[in-house]
Structure formats: structure tokens, C-alpha cells
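So the structure is just underneath, and the comments pick up after that.
Numbering (the working numbering), first residue to last: 1 to 127.
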């Protein structure tokens, strides 16, 4: 919610969907048959979807065995990655913040994206 122009809507089952300009960039997915626990076969109850900028960014995350990110055939051709909330501790708070910011940037309008990037380039230069 710390990013500009963010709204939260709720899916039909009450799951939070974070949007910028009416476009989803992070959402908490309801359990589905395409994301299951490898041991039990049970549907994963805590999957979060993050938009990414491109297929290359997606592949970089899901093919890196040191990260908890994954995808399913349902998301083939979709610029997003999945992660279980229970595995977020495997990445740093900074990495999570960057993932959320990148998801926002991937879905924000060109004007909003440019304004945010210009503002944050100034902040980083001052630091």
C-alpha cells in the first residue's frame, strides 16, 4: 500500500488483489488444482501471484533453484511468478520489496511509472 495509486479489491472468495490503475499486480490466489503440495497432493492454500516485467524476468526467478518462486502450466505465457506465503522467509525483506515494486512498475501506466522512477532516482542519489 506504500506505492502510489494502489487499491485493494477482493476476489469472489475474499482474497486480496492489489491493483494500480485497475490492473492487478499482486494477488493472493485461492487454492487451485494446478498448485499442489508435492508430498501430500493437497492444494496449496497460500499462493501469491506477482506480475513481472517480462518472460525473461519470470524465467530468471523460476529457474533459479535458490529462490522459492515457481509457475504452473496455467500461467504459461503470463508474465507472473508464484510463491507460497509460507516460503517468503527464504528471501530478504529487501528482495520482497523489490519484487512488489517491480510488479507495480510492470502494471502501472507509463506516466505513473515514469513519475515514480524519477522520484526514486532522486531519493537514491540523495542517500
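Just so you know, even glycine gets a beta-carbon here, dropped at the ideal spot from N, CA and C.
Nothing here was measured: the structure is a model prediction, and the numbers come from that model.
Practice prompt. Would you mind stating whether residue 48 and residue 85 have Cβ atoms separated by less than 8 Å?
Written response: Sequence index remark: in the chain shown, residue 48 carries index 48 (1-based). Sequence index remark: in the chain shown, residue 85 carries index 85 (1-based). Taking 8 Å as the Cβ cut-off, residue 48 and residue 85 qualify as a contacting pair.
Discussion item. My output table needs one value for residue 47: the three-state DSSP class, helix, strand or coil.
Written reply: The sequence position of residue 47 within the chain shown is 47, counting from 1. Three-state DSSP puts residue 47 in a strand.
Discussion item. Using a 10 Å radius around the Cβ and a threshold of 16 neighbouring Cβ atoms, would you call residue 82 buried or exposed?
Written reply: Position 82 of the chain shown, counting from 1, holds the residue named residue 82. When all chains shown are included, residue 82 counts as buried.
Item to complete: Leaving aside the five residues before and after residue 30 along the sequence, list all residues of the same chain whose C-beta is less than 8 Å from its C-beta, in chain order.
Response: Stepping through the chain shown from its first residue, residue 30 is reached at position 30. Closer than 8 Å at the Cβ level, and outside the excluded window around residue 30, lie 11, 13, 15.
Discussion item. Could you compute how far the alpha carbon of residue 41 sits from the alpha carbon of residue 69?
Written reply: One-based indexing of the chain shown puts residue 41 at position 41. One-based indexing of the chain shown puts residue 69 at position 69. The alpha-carbon atoms of residue 41 and residue 69 are separated by roughly 19 Å.
Discussion item. What does the alpha-carbon distance come out to for the pair residue 89 and residue 66?
Written reply: Within the chain shown, residue 89 is the residue found at index 89, counting from 1. Within the chain shown, residue 66 is the residue found at index 66, counting from 1. Rounded to whole angstroms, residue 89 to residue 66 spans 12 Å at the Cα level.
Practice prompt. Less than 8 Å between the CB atoms is what I'm expecting for residue 53 and residue 79, so what's the real figure, rounded?
Written response: In the chain shown, counting from the first residue as 1, residue 53 sits at position 53. In the chain shown, counting from the first residue as 1, residue 79 sits at position 79. Taking 8 Å as the upper bound for CB-CB distance, residue 53 and residue 79 are in contact here, some 7 Å apart.
Worksheet entry | First through last residue of the beta strand (DSSP E) which encompasses residue 84 | The residue you call residue 84 lines up with position 84 of the chain shown. Looking at the DSSP string, the run of the beta strand (DSSP E) that includes residue 84 is 80-84.
Worksheet item: Can you name, in chain order, every residue of its own chain whose Cβ lies under 6 Å from the Cβ of residue 104, other than the five neighbours on each side?
Response: Taking the first residue of the chain shown as position 1, residue 104 is located at position 104. Excluding residues within five positions, the ones whose Cβ falls inside 6 Å are 3, 20, 25.
Worksheet item: If residue 5 sits next to residue 112, beta carbons under 8 Å apart, how far is it from one beta carbon to the other, in whole angstroms?
Response: Position 5 of the chain shown, counted from the first residue, corresponds to residue 5. Position 112 of the chain shown, counted from the first residue, corresponds to residue 112. With 8 Å as the limit, residue 5 and residue 112 qualify as a contact, their Cβ atoms being about 6 Å apart.
Practice prompt. Output the residue ranges of the alpha helix (DSSP H) runs that lie fully inside the region 86-118 and measure 4 residues or longer, sorted by chain position.
Written response: 93-107
Worksheet item: Apart from the five residues just before and just after residue 27, which ones in its own chain have a Cβ nearer than 6 Å to its Cβ?
Response: Residue numbering aside, residue 27 sits at position 27 when the chain shown is read from its first letter. So the qualifying residues of the chain are 17, 49.
Worksheet item: Taking all protein chains shown into account, do 16 or more other C-beta atoms lie within 10 angstroms of the C-beta of residue 23, making it buried, or fewer, making it exposed?
Response: What you label residue 23 is simply residue 23 of the chain shown in a count that begins at 1. Looking at its Cβ environment, which holds fewer than 16 other Cβ atoms inside 10 Å, residue 23 is exposed.
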